[in-house]
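What the sequence shown shows, in my numbering, is residues 12 to 237, in sequence order. Reviewing the structure listed below.
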Amino acid sequence: MSDNSLTGVDMVSILIITIITTILLAAGYVISAVPAILLVVSCLLALALIVVRNLQRRRLLNVRVRQCQAVWGSNIQHLGGLPLPIETQGILLLTDKELLFESDHLTQSFNLDSLISILALSAEQLRNLPDASICAIMGSGRCQSLAAAREQVRRSAGGLKQSTILLLHYHEGWQSGQTMSLVILALEQKPAQTRQLLENGRLKQVIRSYRPANLSFKNKKRAGDR
Numbered sequence: 012m013s014d015n016s017l018t019g020v021d022m023v024s025i026l027i028i029t030i031i032t033t034i035l036l037a038a039g040y041v042i043s044a045v046p047a048i049l050l051v052v053s054c055l056l057a058l059a060l061i062v063v064r065n066l067q068r069r070r071l072l073n074v075r076v077r078q079c080q081a082v083w084g085s086n087i088q089h090l091g092g093l094p095l096p097i098e099t100q101g102i103l104l105l106t107d108k109e110l111l112f113e114s115d116h117l118t119q120s121f122n123l124d125s126l127i128s129i130l131a132l133s134a135e136q137l138r139n140l141p142d143a144s145i146c147a148i149m150g151s152g153r154c155q156s157l158a159a160a161r162e163q164v165r166r167s168a169g170g171l172k173q174s175t176i177l178l179l180h181y182h183e184g185w186q187s188g189q190t191m192s193l194v195i196l197a198l199e200q201k202p203a204q205t206r207q208l209l210e211n212g213r214l215k216q217v218i219r220s221y222r223p224a225n226l227s228f229k230n231k232k233r234a235g236d237r
């Protein structure tokens, strides 16, 4: 199902603009009124553009969920694995037969029978777990480097650091012993809606998990719990 709440990126942007606007309003008593007013108007316009853009994305998601008769959907950011720039925005839909990724530049479907494993990680887990551990959890001896995705999360202003990072391991172009085909996506939704995807019966056989969720207690938990 779609998420109509503001993402972490939205909230940070709105907070920054609100603070700047407040400062400029206060400064208007000291500096010339016209420049202050122009700056305030610019900030308000930027805020309006952020709100409009995100409303458009959510409206498109709702439309595509209905059109595809999807049982789940989310706005996402691409972090690797597809021939697209990092942080390309798109949507991910779950239907009876496939996971469907759509963006302005690419549509990619993953037949549910082609999925080998799906792993959901927090941003902290992605930054701290080595590639070898992630590959082992997902059932592959070798996988592509996750360095670019880690760096993007590290440099994020806040939104990605709060997102669930979804790794999709699938059969296309894959054979035993070869580098696994992997797509990395950041879900822009609340944890409860992410759980709806991970607990869906259609994906039950391919969902993998990493424990502990809090890496500071890793000596008390086991990794790779299926």
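No residue lacks a Cβ here, since even glycine has one placed at the ideal position from N, Cα and C. Computed from a predicted structure; not experimentally measured.
query: Residue from L93, L90, L72, G91 whose Cα sits closest to the Cα of G84; result: L72
query: DSSP bridge partner residues for I30 (one or two, in chain order); result: Looking at the DSSP assignment, I30 forms no beta bridge with any residue, so it has no partner.
query: Boundaries (first-last residue) of the alpha helix (DSSP H) holding L130; result: Here L130 belongs to no alpha helix (DSSP H); instead the beta strand (DSSP E) covers 126 to 133.
query: Per DSSP, the bridge partner or partners of E113; result: I102, T118
query: Status (buried if at least 16 other CB within 10 Å, exposed otherwise) for E113; result: buried
query: Cβ separation of R138 and V164, assumed to be a contact under 8 Å, to the nearest whole Å; result: 6 Å
query: CA-to-CA distance, K108 to G91, given in whole angstroms; result: 23 Å
query: Secondary structure of S144, DSSP reduced to three states; result: helix
query: Backbone secondary structure at I97 - three-state DSSP; result: coil
query: Residues that I61 bridges to, as DSSP identifies them; result: Beta-bridge pairing links I61 to no other residue.
query: Sequence-distant residues of the same chain with beta carbon closer than 7 Å to Q119, five excluded per side; result: L93, F112
query: Under 8 Å between C-beta atoms of L179 and I129; result: yes
query: The beta strand (DSSP E) enclosing L193, as first and last residue numbers; result: 192 to 198
query: Same chain only: Cβ atoms within 8 Å of R75, ignoring 5 sequence neighbours per side; result: A81, G84, I102, L104, E113
query: Contact set for R68: own chain, Cβ-Cβ below 6 Å, skip 5 residues either direction; result: N86
query: First through last residue of the beta strand (DSSP E) which encompasses Q238; result: Since the displayed the chain opens at 12 and closes at 237, residue 238 lies outside it and no answer follows.
query: Buried versus exposed, by CB contacts within 10 Å (16 or more), G212; result: exposed
query: Backbone secondary structure at Q186 - three-state DSSP; result: Unreliable placement is indicated for Q186, whose pLDDT of 48 sits below 50; the coordinate value is still reported in the next sentence. Note: Q186 maps to coil in three-state DSSP.
query: For K172 and P202, the rounded distance between their alpha carbons; result: 13 Å
query: Cβ pair H116, L196 closer than 8 Å; result: no
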